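These notes concern the structure reproduced below.
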Amino acid sequence: MVRFGLPEDDGQPTSRRQARPERSSPERGALRPFKVRTAWVDIVRSRFPGFASRGCVNLAGVMGEQNQNDSSQQWMSARLLRVYAVEMIGTYVLVLFGTASVAAAVLTGALSGLGQVAAVWAVGVALGIYVSANVSGGHLNPAVTLSFAIFRPRAFSPKLLPGYWTAQILGGVLAGLSVLLIFRTLIKRFEDAQGLVRGEAGSEHSAMVFGEYFPNPDVFGAGEEAGALIGVGGALFVEAFGTAILVLVIFALTEKRNGGLSRANMSPILIGLTVAALIALFAPLTQAGWNPARDFGPRLVSLFAGWDSIAIPGPSNGFWVYIAGPLIGGPIGAAIHEYIVRPGLPEDDE
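Our numbering applies: residue 5 is where the sequence shown begins, and numbers increase by one.
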């Protein structure tokens, strides 16, 4: 059974384990790694207090210790690199499932409607979190990471923000490269059938396999008439609004005072379903990004694969909407939870 926290006692002999004093419960907050009950972990935690807070997600306190020896610094640097690598892998899984579902729907018609695309996205989100949550916390989204850094800095150190963002963008780039390699012949076939010239007006209909465009080219087509349906300001609002809802749900699911549901196993599924519902509602307008890594990583791939200005800055010079919108909306959703929802929850008795 997957657990985001301390695993249950496995019944094995404890002769190799160090006895340790009783500690208070971990901080409220994000999905977090296993804290394996072994002697070497106890030793490390006793020497480096920063390591004990919320598992290996909060490593900044460890890295900031002044009296570490070289071997300890090297060990912690290697562990931090592993955290970033796992965050990158989790983001890769999420973005791969999502962008490949868009590719299958647009290029082949294999998926019928936004509902099926949204369902694949839900699976990708859940699996990405399951893959990474026990090591990196499973953020997989720069807007989520920013929200935790602002509102739960004791659970996630802001010093880790640049590394997480870099890992997430790299995961998106690798997913975009995978989709390009797998679907390259189908993309060319689609462009020939539709009379599209890559990098010219209208080719956002094939570029949407990677980045996102407003309005959705597969629903409304491309051109001035379609562009009049929603402008940069409207798209920015939709992206901020959807991300605020998503982060509000994530904060609620990762709040231990919000009891009544065993969420250690269910949180990734519920977060995936939230993403799917938001896609079904708002993807006709903006393709429903909610995640700068999901958009910007694959968009970079399309930029260098020949879509040029259609990729960046985009037909309406609006590629930045998919970065700014989520980074604005995420903290808003977190603030709603922390200042309105959480104060009304029962106090934790643990």
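For each residue, glycine too, the CB sits at the ideal point set by N, CA and C.
Please read these numbers as outputs of a predicted model, since none were measured by experiment.
Check                                                                                                          : Outcome
Nearest candidate by alpha-carbon position, reference Met-270, set Arg-261, Leu-257, Ala-281 and Asn-262       : Leu-257
Distance, Asn-262 Cα to Pro-335 Cα                                                                             : 19 Å
Option in Gly-94, Arg-298 and Gly-235 with minimal Cα separation from Ala-130                                  : Gly-94
Candidates Ser-116, Ser-210 and Ile-254: closest to Asp-196 by CA position                                     : Ser-210
The region 241–253 contacting the region 307–324, beta-carbon criterion three pairs below 8 Å                  : no
Contact check, Val-177 vs Val-135, beta carbons under 8 Å                                                      : no
Best match in Leu-200, Gly-237, Gly-246 and Thr-247 for proximity to Gly-225 [C-alpha to C-alpha]              : Leu-200
Boundaries (first-last residue) of the alpha helix (DSSP H) holding His-209                                    : 208–211
DSSP three-state assignment for Trp-311, whether helix, strand or coil                                         : helix
Cβ contact (3+ pairs, closer than 8 Å) linking the region 163–175 and the region 113–126                       : no
Environment of Ala-232 [buried if 16+ CB atoms lie within 10 Å]                                                : exposed
Proximity of Gly-310 and Gly-180 at Cβ, strictly below 8 Å                                                     : no
Proximity below 8 Å, CB of Glu-243 to CB of Pro-302                                                            : no
Same chain, Cβ closer than 8 Å to Ala-230, neighbours up to 5 away in sequence not counted                     : Pro-219, Pro-221 and Phe-224
Of the listed residues Ser-116, Arg-346, Val-90 and Leu-164, nearest to Ala-284 (C-alpha basis)                : Ser-116
Three-state secondary structure assigned by DSSP to Arg-156                                                    : coil
Pair within 8 Å by beta-carbon distance, Leu-282 and Gly-237                                                   : no
Among Glu-208, Asp-299, Thr-278 and Ala-338, nearest to Leu-111 - alpha-carbon criterion                       : Glu-208
Cα-Cα separation between Met-212 and Val-106, rounded to whole angstroms                                       : 8 Å
Contact set for Ser-151: own chain, Cβ-Cβ below 6 Å, skip 5 residues either direction                          : Val-251, Gly-334, Pro-335 and Ala-338
Tyr-168 and Thr-189 closer than 8 Å at C-beta                                                                  : no
Helix, strand or coil at Gly-334 [DSSP, three-state]                                                           : helix
Cβ-based burial, Ala-297 [other Cβ within 10 Å; buried from 16]                                                : buried
CB of Ile-133 within 8 Å of CB of Ile-275, strictly                                                            : yes
Neighbour-count burial assignment, Glu-351, 16 or more Cβ in a 10 Å radius                                     : exposed
Ranges of the alpha helix (DSSP H) found wholly within the region 91–150, counting only runs of at least 4     : 117–140
Reference Ser-299, options Glu-91, Phe-155 and Leu-100, closest by Cα                                          : This sequence places Asp at residue 299; Ser is not what is there. Measuring from the Cα of Asp-299, the nearest candidate turns out to be Leu-100.
Range covered by the alpha helix (DSSP H) that runs through Gln-198                                            : 165–198
Outcome for Gln-291 when other beta-carbon atoms lying within 10 angstroms are tallied against a minimum of 16 : buried
Distance, Ile-340 Cα to Met-92 Cα                                                                              : 28 Å
DSSP three-state assignment for Glu-229, whether helix, strand or coil                                         : helix
Leu-164 versus Ile-186 - alpha carbon distance                                                                 : 33 Å
Where Tyr-217 falls: helix, strand or coil (DSSP)                                                              : coil
Cα-Cα separation between Leu-144 and Val-345, rounded to whole angstroms                                       : 24 Å
Which of helix, strand or coil DSSP assigns to Val-236                                                         : helix
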